[in-house]
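*Asks:* The numbering used here runs 80 ahead of the 1-based position in the sequence shown.
Built from N, CA and C at the ideal position, the CB exists for glycine as well.
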Amino acid sequence: MRHNLIPDPRVPLPSDLHPRGVVDLRGTGPLPAALRYPPGAVVVVSGLPGSGKSTALHHWADAAPVIDPRTTHLACEAVMPDWLPYAVYRPWSRLRHFRRLHIAARDGGHLLVHDCGSRSWLRRHLARLLRARGRELHLIVLDVGTTEALAGQRARGRWAPPRTFTRHDRGLAHLLRTLDDLGPAAAPEAASVTLFDRSSRGRLPRLAFEPFGTPDVPSRLSESDLHS
Numbered sequence: 081m082r083h084n085l086i087p088d089p090r091v092p093l094p095s096d097l098h099p100r101g102v103v104d105l106r107g108t109g110p111l112p113a114a115l116r117y118p119p120g121a122v123v124v125v126s127g128l129p130g131s132g133k134s135t136a137l138h139h140w141a142d143a144a145p146v147i148d149p150r151t152t153h154l155a156c157e158a159v160m161p162d163w164l165p166y167a168v169y170r171p172w173s174r175l176r177h178f179r180r181l182h183i184a185a186r187d188g189g190h191l192l193v194h195d196c197g198s199r200s201w202l203r204r205h206l207a208r209l210l211r212a213r214g215r216e217l218h219l220i221v222l223d224v225g226t227t228e229a230l231a232g233q234r235a236r237g238r239w240a241p242p243r244t245f246t247r248h249d250r251g252l253a254h255l256l257r258t259l260d261d262l263g264p265a266a267a268p269e270a271a272s273v274t275l276f277d278r279s280s281r282g283r284l285p286r287l288a289f290e291p292f293g294t295p296d297v298p299s300r301l302s303e304s305d306l307h308s
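Structure (structure tokens):
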């Protein structure tokens with residue numbers, strides 16, 4: 081049974097969309113003007129290396145601070161000797177990134193997170209941390225396919241190691257498959273999962289967070305508004 085929720089063209093999308101459950105915005109159909117998230121939410125932007133996560137986060141960077149593992153990678157690289165391969169200090173770089181992410185999520189502000197999509201344990205950890213503070217985790221997935229992601233790496237001139245890319249490819253494929261089969265139950269840690277593909281990725285809506293103190297918005301997109 082497929083659970084993806086695809087906007088019915090007979091039902092106009094609201095200009096400001098408050099995602100709940102699985103919201104499938106793949107394809108060439110209309111998009112909302114903005115995605116709006118609750119106060120203090122953490123939005124994880126996932127996709128394969130080369131899928132356009134950094135471009136999307138740059139597009140949305142005015143909405144919230146961005147936590148990107150590459151920032152930590154470059155900071156570690158800057159203090160290491162040139163002859164030392166990254167593989168040697170990768171565990172230290174990752175530990176620093178996860179610590180930075182944990183502290184930023186704990187501190188309470190809105191947050192955007194760059195992620196490959198294959199680390200479900202990281203999403204669960206963040207969700208538990210946020211839930212204890214009355215906040216939510218939301219997920220955005222860039223589903224552009226392996227070929228397009230590899231082309232994206234070629235265009236930027238920076239490649240993920242083949243083994244790493246394959247691991248992320250399998251992890252993201254599993255997430256997408258289970259979203260098809262189980263719907264929101266595939267990612268219970270996330271209050272919403274919003275899907276974009278190569279077509280809709282080029283027409284991204286704005287992203288915004290409600291200010292603290294804003295009451296819950298009563299009209300959220302739900303299964304009654306979408307039909308597969």
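Looking at V335: is its Cβ nearer than 7 angstroms to the Cβ of Y117?
*Replies:* One cannot answer for residue 335 here, as it falls past the ends of the chain, which runs 81 to 308.
*Asks:* Around the C-beta of D148, are 16 or more other C-beta atoms found within 10 angstroms, so that it is buried, or is it exposed?
*Replies:* The count along the sequence shown starts at 1 and reaches residue 148 at position 68. Answer is buried; the Cβ neighbour count reaches 16.
*Asks:* Where does A136 fall in DSSP's three states?
*Replies:* Position 56 of the sequence shown holds residue 136. A136 falls in the helix class under three-state DSSP.
*Asks:* Mapping DSSP to helix, strand and coil, what is T244?
*Replies:* For the purposes of this step, residue 244 is taken as residue 164 along the sequence shown, with counting starting at 1. Helix.
*Asks:* Specify the secondary structure class of T274 as computed by DSSP and reduced to three states.
*Replies:* Here residue 274 is taken as the residue at index 194 of the sequence shown, counted from 1. Reduced to three states, the DSSP call for T274 is strand.
*Asks:* Assign L154 to buried or exposed, taking buried as 16 or more other Cβ atoms, counted over all protein chains shown, within 10 Å of its Cβ.
*Replies:* Taking the sequence shown and counting its residues from 1, one reaches residue 154 at position 74. Flag for L154 reads exposed.
*Asks:* Counting only runs that start and end within the stretch 184–226, where is the alpha helix (DSSP H) found for 4 or more residues in a row?
*Replies:* Segments of the alpha helix (DSSP H) lying fully in the stretch 184–226: 200–211.
*Asks:* Just tell me which of T246, P264, V221, A141 has its CA closest to the CA of R106.
*Replies:* Translated into the one-based positions of the sequence shown, residue 106 becomes position 26. Considering only alpha carbons, the answer is V221.
*Asks:* Return the CA-CA distance between R215 and P242, expressed in angstroms with no decimal places.
*Replies:* As a first step, residue 215 must be located in the sequence shown, where it is residue number 135. As a first step, residue 242 must be located in the sequence shown, where it is residue number 162. Going by the C-alpha atoms only, they are around 36 angstroms apart.
*Asks:* Taking the beta carbon of L255 as the centre, do at least 16 other beta carbons fall within 10 Å, making it buried, or is it exposed?
*Replies:* The count along the sequence shown starts at 1 and reaches residue 255 at position 175. When all chains shown are included, L255 counts as buried.
*Asks:* So P129 and A229 are supposed to be a Cβ contact under 8 angstroms. How far apart are they, rounded?
*Replies:* In the sequence shown, counting from the first residue as 1, residue 129 sits at position 49. In the sequence shown, counting from the first residue as 1, residue 229 sits at position 149. Right, the Cβ-Cβ distance comes to about 6 angstroms (below 8 angstroms), so this counts as a contact.
*Asks:* Look at the Cβ atom of L219, then the Cβ atom of V159, and state whether they are nearer than 7 angstroms.
*Replies:* Here residue 219 corresponds to residue number 139 of the sequence shown, with the count starting at 1. Here residue 159 corresponds to residue number 79 of the sequence shown, with the count starting at 1. Cβ distance not < 7 angstroms, so L219 and V159 don't count as in contact.
*Asks:* Assign R170 to one of two classes, buried (16 or more other C-beta atoms within 10 Å of its C-beta) or exposed (fewer than that).
*Replies:* To locate residue 170, count along the sequence shown from 1; it is residue 90. Its Cβ having fewer than 16 others within 10 Å, R170 is exposed.
*Asks:* Looking at L284: is its Cβ nearer than 7 angstroms to the Cβ of A136?
*Replies:* Within the sequence shown, residue 284 is the residue found at index 204, counting from 1. Within the sequence shown, residue 136 is the residue found at index 56, counting from 1. The answer is yes: Cβ separation under 7 angstroms.
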